[in-house]
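Participant:
Numbering (the working numbering), first residue to last: 71 to 138.
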């Protein structure tokens with residue numbers, strides 16, 4: 071995620087590719103990415119940094135985590 075954020079910021083990755091990657095992580099690795107409250111996991115926030123977290127949250131704006 072960190073490398074993808076950096077690639078998106080430096081325009082090496084298109085927005086659609088970046089959004090698809092973030093949505094993939096959210097869909098298939100949601101338990102690692104999100105805390106129990108539904109926000110980003112504190113460990114993820116610590117690892118990727120505040121500015122990248124804002125970017126990831128922006129890409130996840132309309133994403134809804136499945137209950138099953």
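Glycine residues also receive a C-beta, built at the ideal position from the N, C-alpha and C atoms.
(1) Can you name, in chain order, every residue of its own chain whose Cβ lies under 6 angstroms from the Cβ of residue 100, other than the five neighbours on each side?
(2) Is residue 78 buried or exposed, if buried means 16 or more other CB atoms sit within 10 Å of its CB?
(3) By how many angstroms is the C-alpha of residue 91 removed from the C-alpha of residue 83?
(4) Looking at the structure shown, is residue 104 part of a helix, part of a strand, or coil, going by DSSP?
(5) Kindly identify the DSSP beta-bridge partner or partners of residue 93.
(6) Is it right to say residue 122 is buried, meaning 16 or more other beta carbons lie within 10 angstroms of its own, or is it exposed?
Facilitator: For this structure:
(1) 135
(2) buried
(3) 11 angstroms
(4) strand
(5) Residue 93 is not bridged to any residue.
(6) buried
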